[in-house]
Amino acid sequence: MARSNRRSGSQPRRPRLHRPGGGAHRGAAEPAHGRGRGRGDRAVPRRRHAARLRRRPGGPGHRSGRPGRVVRPGCTLRPVSRNRGSSPQPCGAGSGRLHPPGASTAREILSDVPFLDVLRRAAGPRSCYLVGGAVRDGILGRPCTDFDFRLPAAPTVARTIARQLGGTLVVLHEAHETSRVVVRCARGRLDLDFAAPRRPGLLADLRARDFTLNALAVGPLGGRPRLFDPCGGREDMAGRWVRMTGREALAQDPVRVLRAYRFVATLGFRLERGTRRCCRALASRLCESAADRLGAELLLALAAPACEAAVRQMAEDGVLAALIPTFARTVGIEQGGVHEFDVGEHSILAAARLADVLRRPEAFFPDHADRIAGYVADGPTRAGLVLATLLHDLGKPDRRTWGGRRWRFFGHEELGAELAGRAVSQLRLPRRVRRQVKALVGAHMRLLPFMQSDDPTPRARRRLMRDMAPHGVGAVLLALADRRALRSEPRFDDDGAALRRLSALLASGEGDPISRRQDLPVNGDDLVSLGLTPGPQFRELLQAIEELWVEGRLAGRREALAWLRRQVGASDPEPGVAGGPGGPTREGERL
Numbered sequence: 003m004a005r006s007n008r009r010s011g012s013q014p015r016r017p018r019l020h021r022p023g024g025g026a027h028r029g030a031a032e033p034a035h036g037r038g039r040g041r042g043d044r045a046v047p048r049r050r051h052a053a054r055l056r057r058r059p060g061g062p063g064h065r066s067g068r069p070g071r072v073v074r075p076g077c078t079l080r081p082v083s084r085n086r087g088s089s090p091q092p093c094g095a096g097s098g099r100l101h102p103p104g105a106s107t108a109r110e111i112l113s114d115v116p117f118l119d120v121l122r123r124a125a126g127p128r129s130c131y132l133v134g135g136a137v138r139d140g141i142l143g144r145p146c147t148d149f150d151f152r153l154p155a156a157p158t159v160a161r162t163i164a165r166q167l168g169g170t171l172v173v174l175h176e177a178h179e180t181s182r183v184v185v186r187c188a189r190g191r192l193d194l195d196f197a198a199p200r201r202p203g204l205l206a207d208l209r210a211r212d213f214t215l216n217a218l219a220v221g222p223l224g225g226r227p228r229l230f231d232p233c234g235g236r237e238d239m240a241g242r243w244v245r246m247t248g249r250e251a252l253a254q255d256p257v258r259v260l261r262a263y264r265f266v267a268t269l270g271f272r273l274e275r276g277t278r279r280c281c282r283a284l285a286s287r288l289c290e291s292a293a294d295r296l297g298a299e300l301l302l303a304l305a306a307p308a309c310e311a312a313v314r315q316m317a318e319d320g321v322l323a324a325l326i327p328t329f330a331r332t333v334g335i336e337q338g339g340v341h342e343f344d345v346g347e348h349s350i351l352a353a354a355r356l357a358d359v360l361r362r363p364e365a366f367f368p369d370h371a372d373r374i375a376g377y378v379a380d381g382p383t384r385a386g387l388v389l390a391t392l393l394h395d396l397g398k399p400d401r402r403t404w405g406g407r408r409w410r411f412f413g414h415e416e417l418g419a420e421l422a423g424r425a426v427s428q429l430r431l432p433r434r435v436r437r438q439v440k441a442l443v444g445a446h447m448r449l450l451p452f453m454q455s456d457d458p459t460p461r462a463r464r465r466l467m468r469d470m471a472p473h474g475v476g477a478v479l480l481a482l483a484d485r486r487a488l489r490s491e492p493r494f495d496d497d498g499a500a501l502r503r504l505s506a507l508l509a510s511g512e513g514d515p516i517s518r519r520q521d522l523p524v525n526g527d528d529l530v531s532l533g534l535t536p537g538p539q540f541r542e543l544l545q546a547i548e549e550l551w552v553e554g555r556l557a558g559r560r561e562a563l564a565w566l567r568r569q570v571g572a573s574d575p576e577p578g579v580a581g582g583p584g585g586p587t588r589e590g591e592r593l
């Protein structure tokens, strides 16, 4: 008897059809058993099949995913691409693991792109896409001043943009057809980078980028914009992960290793385990990269408000030692005495204590919080302060001697300044950052007497802040971070004595005309008119005038000139004035 093709009370089975947007389309997550087929590989009606997927493991709401795929808690399972061709498709249509964000999301990202109409006209019919960090920052809602575009004939478009916007054209890589247009506008400096496709297809170019959070694109600019995410970057951003697109992406450009820690610092993300393992393995290859690129990445990382996690991971993974080999020598150098940690750990902890102070200066210096915020408002200055804190004891390994009861490190600050200056010069950091680091490291021990005692006079405090200008604030912050890193639990928040004395130092440098010699009642021309020739005596006399002027002991120009005539006519300066018999000097004043 022929087998009936009908069941009692049921309709004939029909083969399942592909319907875009349905629960069983090709982009959806596959069931764990039979690829969405019924038992015995029989076709299942669409309605019953969808219900079964909701009930069974492996359905759209299940976490198992395909074999070998790791799904992190808190992240939504995304469609897996079946299309590995070169033609770009938007997310949710086979180009990646992300559900389509909707055209409005892509438009919102493009709405922050400056001069968008000019870019569209210049690109013309070419397929122009916004790629990389600008898309990432748009999704995260972060401000962006660096925009990368991928399009054919990139040099021609870059020249057109530079001419129309009055910007500066810089050819970055002629062979790769990469150019930059620097534009100054109300938003400040904007960098518009234009690069030709390197591989056949947008998705291939994206998969070759460094990290999944950078393997993003929006475009085309001249059509209906869509978001492309072939590597799951949005999923990683939702989970706050920094994940490499592949080991070869980091190996071909070791600077990307340092960039991973920069994202940890600037975004507050975590390094994915495999990515961190790869960075650790490639740390020794950082020396193969251009020093100026390494220095730029390091400054960006250290300028972040929450840089301490990245600093510690760089130290643990050998990245910091690869950048600054002399820092590796501080690890394991015991200090004893009041120090709980060795020199290397103390330096890392000091950088963390500094970051804490910079995040909430009002908790430590309520009367000077605005002044501190103004000092570190500039990114390179903030990064230089953190770097100086990391390197402030760089000279201790070579200056360690046994003093009978504990280790001594006489003169380590001078040697440390020399070593730190050499290290920052090798990284090709900006000149002002090199000067800042060297000055702070070389003078960090000068503040110790001012924290330990109330004996220093107001004149001594003013002189110290004058000598440290323009980094007096930085010297105070480094001294506090150094002291709070003596032990795992700082003991000085409740005491308050050190904070009170450091606050007095900050007050001593506030409003002084140290860096504004034009405010003094006399100047070098007056000294020349008195018959003096430029030399060391000029500086001594002008510094003495500064101190008298700040203390209010000179009422005006007439009194200042009279005082100068007495000094020029006398063999020695007036007693009680800097440099005179019985008067305090920088070396002789009692501290």
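Per the working numbering, the sequence shown starts with residue 3, numbered consecutively.
Glycine residues also receive a C-beta, built at the ideal position from the N, C-alpha and C atoms.
Item	Value
Rounded straight-line distance, which links the Cα of ALA311 to that of THR158	43 Å
DSSP three-state assignment for HIS175, whether helix, strand or coil	strand
Near the ligand PLP: LEU532 beta-carbon under 7 Å from a heavy atom	No copy of the ligand PLP appears in this structure; indeed no ligand is present at all.
Candidates ALA546, ARG201, ARG189, GLY169: closest to HIS178 by CA position	ARG201
Residue burial classification, VAL435 (beta-carbon count within 10 angstroms, cutoff 16)	buried
DSSP beta-bridge partners of LEU273	VAL244
As assigned by DSSP and simplified to three states, the class of GLY168	coil
Three-pair Cβ contact test at 8 Å for the stretch 144-151 versus the stretch 184-199	yes
CB contact flag (LEU479, LEU356, <8 Å)	yes
Other residues of its chain near HIS1: CB distance less than 7 Å, five sequence neighbours each side excluded	Outside the displayed range of the chain (3 to 593) lies residue 1, so it cannot be described from this structure.
Span of the beta strand (DSSP E), counted from its first residue to its last, around PHE329	Note, PHE329: premise wrong, no beta strand (DSSP E); alpha helix (DSSP H) at 327-330.
Contact under 8 Å by Cβ, ASP484 with HIS394	yes
Whole-Å CB distance - ARG463 paired with PHE452, under 8 Å assumed	7 Å
Inter-stretch contact (C-beta, 8 Å, three-pair minimum) for the stretch 360-377 and the stretch 417-434	no
Residues of its chain near VAL137, where Cβ-Cβ distance is below 7 Å and the 5 sequence neighbours each way are ignored	ILE111, LEU218, ALA219, VAL220
Reduced DSSP category for THR524 - H, G, I as helix; E, B as strand; rest coil	It is Val, not Thr, that sits at residue 524 in the sequence shown. It is coil, neither helix nor strand.
For LEU351 and VAL1, believed in contact at Cβ under 8 Å, the rounded distance	With the chain represented from 3 up to 593, any question about residue 1 goes unanswered, as that position is not in the structure.
Start-to-end residues for the beta strand (DSSP E) that takes in GLY533	Segment: none, GLY533 is in no beta strand (DSSP E) and carries neither H nor E.
Beta-bridge pairing of PHE196 - partner residues as DSSP gives them	PHE151, SER181
Option in ALA499, VAL184, LEU529 with minimal Cα separation from PHE366	ALA499
Length of the line joining the Cα atoms of ARG228 and GLY126	18 Å
Classification of SER490 by the beta-carbon crowding that lies within 10 angstroms, buried from 16 upward	exposed
DSSP three-state assignment for VAL378, whether helix, strand or coil	coil
Beta-carbon contacts of ALA285 that lie in its chain and below 7 Å, excluding the five residues immediately before and after	VAL259, ASP319, GLY320, VAL321, ALA324
Classification of ASN216 by the beta-carbon crowding that lies within 10 angstroms, buried from 16 upward	buried
Span of the alpha helix (DSSP H) around VAL137	135-142
Buried versus exposed, by CB contacts within 10 Å (16 or more), ASP456	exposed
Proximal residues to ALA308 (C-beta, below 8 Å), its chain only, five neighbours per side dropped	ALA267, GLY270, ALA357, ARG361
Meets three-Cβ-pair contact criterion under 8 Å: the stretch 533-547 and the stretch 402-412	no
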